[in-house]
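Remarks on the structure that follows.
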Amino acid sequence: MSNLDLFTTRRPELGLSKLRQLDVTLVLSWAVVAIAVAWAVAPGLFTPHSGTVGIAGNQLRAPDATHWFGTDEIGRDVLARIIYGAINSLSGAVVAVVVGFIGGTSLGLIAGSVGGRLDTIIMRIVDVLLSVPGLLFQLSLIIILGFGTVNVAIAVGTTTVAGFARLMRSEVIRVRRADYVEAAFGSGGRFGAVLWRHVLPNSLGTVIAFAALQFGSAILAISTLGFLGYGAPPPTPEWGLLIAEGRNYLTTAWWMTTFPGVIVILIVLATNRISQSLRRTP
Amino acid sequence: MSLISSSALRRTVQPTLAAVLLTSVSAMAVIAQDQPVTGGTLVYLEQQAHTNLYPPAGGFYPNSGILNQITDKLTWQNPETLQNEPWLAASWEINTDATEYTFKLRPGVTFSDGTPLDAAAVAKNFDVFGLGNKELGYPVAEAINNYDHSEVIDPQTVKFVFKAPAPGFLQATSVIGSGIVAPSVLEQPYAELGDATKIIGSGAFVVDSEVLGQSLNLKVREDYAWGPANIEHQGRAYLDAIQYIVTPEDSVRIGALLAGQADVIRQIQAYDEGQVEAQSYSVLSAPTRGVNNNAVFRPDNPLVADIKVRQALTAATNSAEIVQTIFSSHYPQATSVIASTAAGYVDLSDKLVFDLEKAKALLDEAGWVPGADGVREKDGVKLELSVYESLPQPQSRATFQLLSQQWAQVGVKLNVLAGDAGSAAVDRLDPLKTPVVSAMVGRADPDVIKSNFYPSNRDALLQKGGLNPNATFEDAKLNDLLLAIASEPDNAKRLELAGEAQVYILDQAYVIPIFEEPQVFAAAPYVHDVSFDAVARPSFYNTWLSPR
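For the protein sequence lines, the chains are E and V, in the order given. 97 is the number of the first residue of the first sequence in this note's numbering; add one for each residue after it. 3 is the number of the first residue of the second sequence in this note's numbering; add one for each residue after it.
Printed below as a string of structure tokens:
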């Protein structure tokens with residue numbers, strides 16, 4: 097895919113630029129994310145079944161016309177569980193990215209613009225954060241904070257602070273030395289004002305693309321923690337939890353794990369594709 | 003890799019014994035099908051790794067699966083009659099008020115390290131089991147009550163003396179928690195006994211090697227000659243070795259069995275039974291004959307402190323639906339605190355009627371009114387409870403999710419927590435975090451009720467003086483009843499007391515019985531004669547493998 101993109105960017109005269117603008121995968125990616133967001137906002141529109149209440153006697157049904165994705169061990173519709181689970185997984189990912197974005201960019205902005213000893217201190221802390229394996233760090237935080245969707249999201253977000261801070265700092269340092277910033281200082285701009293007016297907006301582009309990328313990995317991380325049982329408590333549907341619950345039934349009811357897994361993969365791939373396109377747009 | 007090598011090993015059936023048994027070639031063809039064959043390695047897939055192998059800790063299924071092969075007991079409880087029959091003890095005498103038990107031991111029994119299993123060794127075992135050892139950290143065995151001291155009368159005779167009548171003691175000598183180990187084992191600190199290679203028993207198998215948390219190898223004891231007196235098979239076990247492999251995923255265990263990489267697996271779930279039987283593999287199910295799989299309330303939690311709330315939740319529980327939806331015919335619906343196959347059982351199904359209207363009325367009476375989101379509230383507090391899934395229990399998570407769905411119909415929210423074993427173990431002792439827990443104990447004696455509820459035993463309700471140091475709840479009447487069961491010498495009266503305890507526990511709605519927990523195993527078609535003790539612990543002493 098990226099080969100094709102490179103090709104089209106280098107040779108717009110071939111008439112492929114239209115294709116570039118209407119990149120099929122990008123459109124599909126936006127569509128996937130849009131559907132997921134719609135699930136989160138109005139799950140009731142997409143399924144007549146309940147996400148938490150099953151019908152006894154209806155358990156472990158293979159996918160059919162009524163239950164497109166089959167039913168689970170206590171007769172709940174798997175598709176309905178996925179749809180009702182979107183709000184947990186997506187809102188969790190949003191909280192995680194916001195925590196990482198705000199925390200990381202402020203640290204990076206301060207470190208990059210002030211420089212000197214403060215820069216060293218902040219970046220060493222970031223180094224320490226980066227040296228701890230992400231999952232271990234998240235698990236430790238959750239044990240301290242307690243279980244639940246919000247806590248999982250905060251834990252996942254905190255882990256990404258270091259990445260955001262590094263990236264932001266390098267961008268700020270690049271922009272900080274640019275002529276127009278020096279000129280802004282030279283013409284009497286106050287430090288904070290210049291930072292806000294010139295440095296921040298011009299260094300955010302890459303960071304926003306990174307945020308989109310983080311959104312995908314946050315969904316994965318939240319699903320991982322949900323899979324391990326630290327996320328939303330059952331019977332609340334959550335994607336990682338759905339995968340975990342179905343895995344014991346893999347030999348008798350493949351649909352219970354397969355469909356939630358495929359959905360998570362699709363959404364993560366879609367956000368990665370969107371992040372890729374954001375990075376390319378100046 | 004190890005799986006492949008062991009299955010190759012299994013095919014090398016020792017021909018020598020077959021030749022001795024059979025006198026003519028023509029007879030061989032006929033008898034070879036049902037005559038036990040000596041030799042082979044049994045690959046046994048276990049769901050969880052064993053914990054501490056101090057015999058009284060043998061109630062945990064993975065522990066008992068190992069201890070049952072490497073230790074012997076004084077008496078053998080016949081699973082059919084529930085009578086105690088001779089094993090290491092050749093005979094015994096009990097005085098009329100059940101305060102003195104004298105056992106005559108079978109001569110010639112040795113531990114696997116060569117030391118004799120004599121009266122002194124047995125006395126040492128029960129002194130530790132009955133009194134514990136604070137210095138080395140040994141807890142008191144839950145099966146033994148009112149223990150005072152032991153007396154070695156001669157090398158083959160030992161007498162146990164009790165402070166008060168201990169009518170359950172004879173049965174207690176046959177339980178999985180009373181396996182006799184070499185005295186040297188009990189001189190090591192408690193924590194050391196997590197290492198299976200340190201457990202020296204007199205059983206038909208000996209621990210050969212182990213990788214903690216992963217696998218364990220047992221090998222046969224060639225000179226074993228003291229199986230339970232009343233079973234047909236005597237002498238060494240038929241198998242040469244047993245290989246335990248810890249395989250937590252249900253689907254992996256079942257897959258390995260059906261693919262021929264394992265011979266016996268423990269804990270097969272109800273939904274997998276069909277595919278096992280469809281391939282002419284056998285599903286082996288045995289009742290645990292004790293306290294049922296119950297949802298237990300912690301009355302110290304303010305939400306369930308009110309008896310009306312507990313009664314309402316009992317009425318809101320449809321255990322028939324749980325059994326039909328999640329389980330199979332091997333899992334009978336519970337009709338009392340203890341199983342219908344347990345000693346002293348009384349049918350109390352009229353106290354466990356599913357009645358949503360009654361549940362709602364009781365909650366209304368208790369002052370819990372439905373809030374905006376359907377969850378009942380009282381003084382701004384929501385009626386929201388939490389329970390940890392219990393890994394050793396079959397399909398615990400699905401059970402509680404269905405329970406949660408049922409309780410939601412009367413406006414009570416039940417969260418099912420998973421998390422890690424560490425947090426679960428800590429939170430389980432805090433009634434504020436876990437107002438409901440899952441509990442069951444297997445033992446074919448009325449003492450099992452005391453085991454489950456008495457504060458100094460398993461303390462299911464978290465009473466004062468038990469596992470929770472901050473407990474304030476105490477039910478003196480229940481505790482008196484439990485003590486009475488454990489010390490009533492007259493068997494008929496004892497069973498009557500057991501019945502009273504069941505009625506009282508359900509009247510107080512301390513527990514909601516859900517199903518009678520069996521242990522369900524699956525075995526390959528060439529595996530014969532896997533036997534179970536009275537509480538569904540497997541014994542591989544009689545097991546043999548026919549050539550494939």
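The beta-carbon is built from N, C-alpha and C at its ideal position, and this holds for glycine as well. If you're wondering where the values come from, they're calculated on a predicted model, not measured in any experiment.
For residue i, count neighbouring Cβ atoms within 10 angstroms of its own Cβ and tell me buried if that reaches 16, exposed if not.
i        : result
V:Thr25  : The pLDDT assigned to V:Thr25 is 38, lower than 50, so where the model puts this residue is not dependable; a value taken from the coordinates is nonetheless given after this. Burial call: exposed.
E:Val120 : exposed
V:Gly444 : buried
V:Leu286 : buried
V:Gln79  : buried
V:Asn219 : buried
V:Glu95  : exposed
E:Arg273 : exposed
V:Ile516 : buried
V:Thr43  : buried
V:Ser28  : Low per-residue confidence applies at V:Ser28: pLDDT is 38, beneath 50, and the placement is therefore not dependable, though the value from the model is reported in the following sentence. The residue in question, V:Ser28, is exposed, as its Cβ has fewer than 16 Cβ neighbours within 10 Å.
V:Lys479 : exposed
V:Asn320 : buried
V:Phe402 : buried
V:Ala536 : buried
V:Trp552 : No statement about residue 552 of chain V is possible, as the shown extent of chain V runs from 3 to 550 and does not include it.
V:Tyr347 : buried
V:Gln313 : buried
V:Thr327 : buried
V:Asn493 : exposed
V:Leu434 : exposed
Mind pulling the chain E residues with CB within less than 8 Å of residue i?
i        : result
V:Gln407 : Thr148, Val149, Gly150, Ile170, Pro331
V:Glu323 : Ala152
V:Ser326 : It is worth fixing the name first, because residue 326 of chain V is Gln in this sequence and not Ser. In chain order: Ala152, Gly153.
V:Arg399 : Pro330, Glu341
V:Ser176 : In chain order: nothing, as chain E lies at least about 34 Å away.
Using 7 Å as the threshold, is the C-beta distance between residue i and residue j below it?
i        : j        : result
V:Ala51  : V:Val248 : yes
V:Ala198 : V:Pro58  : no
V:Asp302 : V:Ala473 : yes
V:Phe329 : V:Ala272 : yes
V:Val45  : V:Ala239 : no
V:Ala184 : V:Thr159 : no
E:Gly166 : E:Ala158 : yes
V:Ala391 : V:Ala420 : It is worth fixing the name first, because residue 391 of chain V is Glu in this sequence and not Ala. In this structure, V:Ala420 lies closer than 7 Å to V:Glu391 by Cβ.
V:Pro38  : V:Ala231 : no
Run through chain E and tell me which residues come within less than 7 Å of residue i, C-beta to C-beta.
i        : result
V:Ala420 : Gly325
V:Asn417 : Pro329
V:Leu404 : Ile170
V:Ser331 : Under the 7 Å cutoff, chain E gives no residues; its nearest Cβ is about 16 Å from V:Ser331.
Residue i touches chain V at which residues, Cβ-Cβ below 7 Å?
i        : result
E:Leu156 : Tyr273
E:Phe281 : Ordered by position in chain V, no residue passes the 7 Å Cβ test against E:Phe281, which lies about 53 Å from the chain.
Show which residues of chain V have a CB atom less than 9 Å away from the CB atom of residue i.
i        : result
E:Phe165 : Neighbours of E:Phe165 on chain V: none; closest Cβ ~18 Å, over 9 Å.
E:Ile361 : Here the premise fails: no neighbours, minimum Cβ distance about 20 Å.
E:Ile318 : Ordered by position in chain V, no residue passes the 9 Å Cβ test against E:Ile318, which lies about 15 Å from the chain.
How would you list, in chain order, the residues of chain E whose beta-carbon sits under 9 Å from the beta-carbon of residue i?
i        : result
V:Gly257 : Leu346, Thr347
V:Ser2   : Beyond the ends of chain V as shown, which are 3 and 550, falls residue 2 of chain V; an answer cannot be given.
Give the interface partners of residue i over in chain V, defined as CB-CB distance under 8 Å, in chain order.
i        : result
E:Phe260 : Simply none; closest approach about 29 Å.
E:Ile178 : None at all; the shortest Cβ gap to chain V is about 16 Å.
**OP:** May I ask you to list, following chain order, the residues of the region 131 to 154 of chain E that have a beta carbon less than 8 Å from some beta carbon of chain V?
**Re:** Thr148, Val149, Gly150, Ala152, Gly153
Any residues in the region 35 to 65 of chain V with a beta carbon nearer than 7 Å to a beta carbon of chain E? Which ones, in chain order? none
### Task
Name, going along the chain, the residues of the region 332 to 357 of chain E whose beta-carbon falls closer than 9 Å to a beta-carbon of chain V.
Thr332, Leu337, Ala340, Glu341, Arg343, Asn344, Tyr345, Leu346, Thr347, Thr348, Ala349
Fill in: Start-end ranges of the alpha helix (DSSP H) lying completely within the region 409 to 471 of chain V, minimum 4 residues
423 to 429, 449 to 455
Short of 8 Å Cβ to Cβ, which residues in the region 266 to 283 of chain V face chain E? Gln271, Tyr273, Asp274, Gly276, Gln277
At which residue ranges does the region 77 to 155 of chain V contain complete alpha helix (DSSP H) runs of 4 or more residues, listed in the order of the chain?
-> 121 to 133
Problem - Within the region 114 to 178 of chain E, ranges of the beta strand (DSSP E) (whole runs, at least 3 residues) - result: none
Positions along the region 470 to 501 of chain V whose CB lies within less than 9 Å of some CB in chain E
none
Q | Where the region 181 to 199 of chain V meets chain E: residues whose CB sits under 9 Å from a CB there | A | none
Practice task
Pick out the complete alpha helix (DSSP H) segments inside the region 219 to 306 of chain V, 4 residues or longer, and give them in chain order.
Solution key: 252 to 260, 272 to 280
By the 8 Å beta-carbon criterion, what residues does the region 422 to 437 of chain V contribute toward chain E? Asp422, Ser425
- alpha helix (DSSP H) runs contained entirely in the region 193 to 223 of chain V, provided each spans 4 or more residues: none
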